[in-house]
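There are 2 protein chains.
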Amino acid sequence: MQTENRQFLLAERPNGAPTAETFNMVTTTIPEPGEGELRIRTIYLSLDPYMRGRMNAERSYAEPVAVGAVMEGGTVGVVEASRHAGFADGDLVVGRTGWQDYALSDGEGLRKIDPPVPGGPPISTALGVLGMPGLTAYTGLLNIGKPQPGETLVVAAASGAVGSVVGQIGKIKGCRVVGVAGGLEKCRYVVDELGFDACLDHRAADFEDQLAAACPDRIDVYFENVAGRVLEAVIPLFNFFARMPVCGLIAQYNMTDLPGGPNKLPMLMRAVLTNRLAMRGFIVREFWSQQDEFLQEAVQWIKDGKLKYKEYRVAGLERAPETLIGLLKGENFGKVVVEVSPDPTQ
Amino acid sequence: MQTENRQFLLAERPNGAPTAETFNMVTTTIPEPGEGELRIRTIYLSLDPYMRGRMNAERSYAEPVAVGAVMEGGTVGVVEASRHAGFADGDLVVGRTGWQDYALSDGEGLRKIDPPVPGGPPISTALGVLGMPGLTAYTGLLNIGKPQPGETLVVAAASGAVGSVVGQIGKIKGCRVVGVAGGLEKCRYVVDELGFDACLDHRAADFEDQLAAACPDRIDVYFENVAGRVLEAVIPLFNFFARMPVCGLIAQYNMTDLPGGPNKLPMLMRAVLTNRLAMRGFIVREFWSQQDEFLQEAVQWIKDGKLKYKEYRVAGLERAPETLIGLLKGENFGKVVVEVSPDPTQ
Numbered sequence: 001m002q003t004e005n006r007q008f009l010l011a012e013r014p015n016g017a018p019t020a021e022t023f024n025m026v027t028t029t030i031p032e033p034g035e036g037e038l039r040i041r042t043i044y045l046s047l048d049p050y051m052r053g054r055m056n057a058e059r060s061y062a063e064p065v066a067v068g069a070v071m072e073g074g075t076v077g078v079v080e081a082s083r084h085a086g087f088a089d090g091d092l093v094v095g096r097t098g099w100q101d102y103a104l105s106d107g108e109g110l111r112k113i114d115p116p117v118p119g120g121p122p123i124s125t126a127l128g129v130l131g132m133p134g135l136t137a138y139t140g141l142l143n144i145g146k147p148q149p150g151e152t153l154v155v156a157a158a159s160g161a162v163g164s165v166v167g168q169i170g171k172i173k174g175c176r177v178v179g180v181a182g183g184l185e186k187c188r189y190v191v192d193e194l195g196f197d198a199c200l201d202h203r204a205a206d207f208e209d210q211l212a213a214a215c216p217d218r219i220d221v222y223f224e225n226v227a228g229r230v231l232e233a234v235i236p237l238f239n240f241f242a243r244m245p246v247c248g249l250i251a252q253y254n255m256t257d258l259p260g261g262p263n264k265l266p267m268l269m270r271a272v273l274t275n276r277l278a279m280r281g282f283i284v285r286e287f288w289s290q291q292d293e294f295l296q297e298a299v300q301w302i303k304d305g306k307l308k309y310k311e312y313r314v315a316g317l318e319r320a321p322e323t324l325i326g327l328l329k330g331e332n333f334g335k336v337v338v339e340v341s342p343d344p345t346q
Numbered sequence: 347m348q349t350e351n352r353q354f355l356l357a358e359r360p361n362g363a364p365t366a367e368t369f370n371m372v373t374t375t376i377p378e379p380g381e382g383e384l385r386i387r388t389i390y391l392s393l394d395p396y397m398r399g400r401m402n403a404e405r406s407y408a409e410p411v412a413v414g415a416v417m418e419g420g421t422v423g424v425v426e427a428s429r430h431a432g433f434a435d436g437d438l439v440v441g442r443t444g445w446q447d448y449a450l451s452d453g454e455g456l457r458k459i460d461p462p463v464p465g466g467p468p469i470s471t472a473l474g475v476l477g478m479p480g481l482t483a484y485t486g487l488l489n490i491g492k493p494q495p496g497e498t499l500v501v502a503a504a505s506g507a508v509g510s511v512v513g514q515i516g517k518i519k520g521c522r523v524v525g526v527a528g529g530l531e532k533c534r535y536v537v538d539e540l541g542f543d544a545c546l547d548h549r550a551a552d553f554e555d556q557l558a559a560a561c562p563d564r565i566d567v568y569f570e571n572v573a574g575r576v577l578e579a580v581i582p583l584f585n586f587f588a589r590m591p592v593c594g595l596i597a598q599y600n601m602t603d604l605p606g607g608p609n610k611l612p613m614l615m616r617a618v619l620t621n622r623l624a625m626r627g628f629i630v631r632e633f634w635s636q637q638d639e640f641l642q643e644a645v646q647w648i649k650d651g652k653l654k655y656k657e658y659r660v661a662g663l664e665r666a667p668e669t670l671i672g673l674l675k676g677e678n679f680g681k682v683v684v685e686v687s688p689d690p691t692q
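Chains as they are written, first to last, in my numbering: chain A, 1 to 346; chain B, 347 to 692.
Printed below as a string of structure tokens:
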């Protein structure tokens, strides 16, 4: 157990891919709650692609992390030294307490979670399949993608925290689901374990041809969380009245300049017009009100074996920077969870 | 009056901009209706940007015009030699009878129109402000653009058949409306006659800066019927939850290859994600059911002086090819109508 509070601060705004210099670890004393506050000991820290966006000063849907501030992040933790009427020591909570061992909270934005049922998913899944990524997948797919039985759904980053859930819900809804992932091992998992109809390696030289062959009835829903080569391969294959929820763009987050030509924007615009395509960017925050409904369905789907998940566990808060850097390159295999302190429920 | 039927056929699929060789004029006898048919003498032929798309064999929302077939087009005509119980000689009809002096019809798809009221709009407006372009503007803007009072609406091709109506409806709905047009004369008309708040010449060297300055509260709705430079200038200016009905892409219809770099697709995708932008391609056909409601409102708006229109009349069917070629370069100023035969109501 830590005797001090390690915090990772944003040291500087990265130009392109973040590096070790992007982060600065400082050590402070473990904070003591005031009246109406509680302390949270971080058990698990979630690392997610959106964190790259928060490092930029550009206008976006969320305020950037200030240089010198603690890096943002979702966590599962345990309540200690509570002076808050709504929380008792030992309570398990999900919150956005950031890249640190300990955080103070006034309870705002915290959600209590139950200890795991025997044989059930661990509390870390509150950061993945039963957390923000799962809700992102569920709400983006159902509200914007609107998958119908018999339609073809294409999902990029198919073995990742969001993509894996999108595709499995697509199967539950009766779609033909084609995943795209980086490497054969991930593709095999997506088909053999997650039950997608096909999964293609976007690194293959003939990826575009493989995608066309895997979508003989074209594409009705493309759940966009990657952009880049995958998007460009999808564009010519859209069906009439196709839908594209735009959830993330991991392939371009580290981009410092626009890529060279040709300019593919006219290709997309033509596809939008001729197919009457609907595209819409979203963030999960818009759909918080659907969380209870999501959790109810997702817990049942997990019990029924219809919704599987894979965690990519990394031991030690000190590894968060290198792990996020790797995540942005697709080096993880499953939902990235940093083990910050011992899980009392394991 | 013609004694023969002149028809313009699609001679070949153009590679890039259509030329005189794209079209082939043939002369046939004036057709005689069979039982249940009627003949239509074309009075006005509408020329519209979508016609460029019909010349291509590529997959789109409508079947292409076959090589050797009569060019498609909307017309206002008068019924002759009717052997159809629903139509009498002298009836005025709007239909899609194409680039020819005379057409046979079984009545399918024809809509009767009334002669003009004194001082009211001429029957040619059934091809413009009270026809397909007007309905396109109305339905695309209201169903997809969803303009709200106080929002900023940007309209390209602002003096054209669709754009002019979009902007004026935007004003009726309480928006700040910024038009974009080609040349100062069109821009002056858009502001002085149509009442837009501003109109910018997309040929200006500092057009991008002018657009940003004209949209101090950013852009909530961009009605897309141009693409190209205008779209690229709009992309950085979107507001959160902005909407983009995609109606047409005239700047890229004659494109044979994608333009050179940089590749602006990532720029659009970033705007979609960070603004939670909704884009949707549409064609007016989806919204035919709103035609009665549209006509009721539009006729009243014209009476009230809130909806103005400008026709760009060209005399003689023989000028249709050169006029369409010019339309695709923005040489028209207002809704393009070809006068094919005398208008009995004038």
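For glycine and all other residues, C-beta sits at the position ideal for the given N, C-alpha and C.
For residue i, the nearest candidate out of the options (CA to CA)
i: V162/A; options: V190/A, G150/A, L184/A and R59/A; result: V190/A
i: H84/A; options: R54/A, R96/A, P33/A and G73/A; result: P33/A
i: R330/B; options: R575/B, I389/B and L438/B; result: Outside the displayed range of chain B (347 to 692) lies residue 330/B, so it cannot be described from this structure.
i: M625/B; options: T388/B, R589/B and G420/B; result: R589/B
i: G627/B; options: N351/B, A403/B, T482/B and G414/B; result: T482/B
i: G150/A; options: N143/A, A156/A, K173/A and Y138/A; result: K173/A
i: T22/A; options: C215/A, E63/A, Q346/A and V70/A; result: V70/A
i: E311/A; options: W301/A, P122/A and G36/A; result: P122/A
i: Y138/A; options: L237/A, F196/A, G182/A and F294/A; result: F294/A
i: V154/A; options: P31/A, L200/A and Q252/A; result: L200/A
i: I250/A; options: A158/A, T28/A and E63/A; result: A158/A
i: G120/A; options: K303/A, V79/A, M255/A and G248/A; result: K303/A
i: R41/A; options: V67/A, A62/A, G95/A and E12/A; result: G95/A
i: I459/B; options: L476/B, Y448/B, A449/B and V439/B; result: V439/B
i: G401/B; options: I671/B, N621/B and E570/B; result: According to the sequence displayed, residue 401/B carries Met and not Gly. Among I671/B, N621/B and E570/B, the Cα nearest to that of M401/B is on I671/B.
i: E383/B; options: L356/B, T373/B and A434/B; result: A434/B
i: E350/B; options: G651/B, T620/B and P377/B; result: P377/B
i: L530/B; options: C521/B, F553/B, L673/B and V523/B; result: F553/B
i: E35/A; options: Q2/A, A57/A and S82/A; result: S82/A
Within chain B, partners of residue i - CB distance below 7 Å
i: Y222/A; result: Within 7 Å Cβ-Cβ: nothing; Y222/A doesn't reach chain B, min ~12 Å.
i: K329/A; result: Near K329/A there are no residues of chain B at all, since even the closest Cβ is about 17 Å away, more than 7 Å.
i: F207/A; result: Those within 7 Å of F207/A in chain B number zero; the least Cβ separation is about 17 Å.
Chain A contact residues for residue i, given Cβ-Cβ distances below 8 Å
i: P591/B; result: Residues of chain A passing the Cβ test: none, with the nearest at roughly 10 Å.
i: R405/B; result: T274
i: A544/B; result: What A544/B touches in chain A: nothing, since even the nearest Cβ is about 23 Å away.
i: L595/B; result: P266, M269, R270 and L273
i: F586/B; result: Y61
Chain A residues whose Cβ lies nearer than 7 Å to that of residue i
i: F628/B; result: R276
i: V618/B; result: V246, M279 and G281
i: A573/B; result: P266 and M269
CB-CB length for residue i against residue j, believed under 8 Å
i: V526/B; j: G480/B; result: Wrong, their Cβ atoms sit about 20 Å apart, outside the cutoff.
i: G453/B; j: G432/B; result: 5 Å
i: K171/A; j: G195/A; result: 6 Å
i: L47/A; j: G73/A; result: 7 Å
i: V682/B; j: I389/B; result: Contact flag wrong, Cβ pair sits at about 15 Å.
i: L104/A; j: R39/A; result: 6 Å
i: L362/A; j: V26/A; result: Examination of residue 362/A is not possible in this model, given that chain A is present from 1 through 346 alone.
i: V592/B; j: E570/B; result: 5 Å
i: N609/B; j: P236/A; result: Not really, about 16 Å apart at Cβ, beyond 8 Å.
Cross-chain neighbours of residue i in chain B, by beta carbon under 8 Å
i: R52/A; result: None at all; the shortest Cβ gap to chain B is about 12 Å.
i: L141/A; result: Result: empty, since nearest Cβ-Cβ is about 16 Å, beyond 8 Å.
i: K264/A; result: L604, N609, K610 and L611
i: Q252/A; result: P612, M615 and R616
i: L324/A; result: By Cβ distance, chain B contributes nothing, its closest Cβ being about 19 Å from L324/A, past 8 Å.
i: M255/A; result: P612
Threshold first: 4 residues or longer. Then list the alpha helix (DSSP H) segments lying entirely within the stretch 625 to 689 of chain B, N to C. Correct list: 637 to 649 and 666 to 673.
Please name the residues in the stretch 23 to 53 of chain A whose beta-carbon is closer than 7 Å to at least one beta-carbon of chain B, in chain order. Legend: CB atoms of the stretch 23 to 53 of chain A lying less than 7 Å from CB atoms of chain B are not found in any residue.
Just to confirm the assignment: which complete alpha helix (DSSP H) runs, minimum length 4, are found wholly within the stretch 382 to 440 of chain B? Here the runs fully enclosed are 396 to 400.
Would you mind listing the beta strand (DSSP E) stretches within the stretch 164 to 230 of chain A that are 3+ residues and don't spill past its ends, in chain order? Qualifying beta strand (DSSP E) stretches, in chain order: 176 to 181, 198 to 201 and 219 to 223.
Going along the stretch 63 to 77 of chain A in order, which residues come within less than 8 Å of chain B, judged by CB to CB distance? Taking 8 Å as the Cβ-Cβ cut-off against chain B, none of the residues of the stretch 63 to 77 of chain A qualify.
Which residue spans inside the stretch 438 to 510 of chain B form an unbroken alpha helix (DSSP H) run of at least 4? Counting whole runs of 4 or more residues, the stretch 438 to 510 of chain B contains the alpha helix (DSSP H) stretches 478 to 485.
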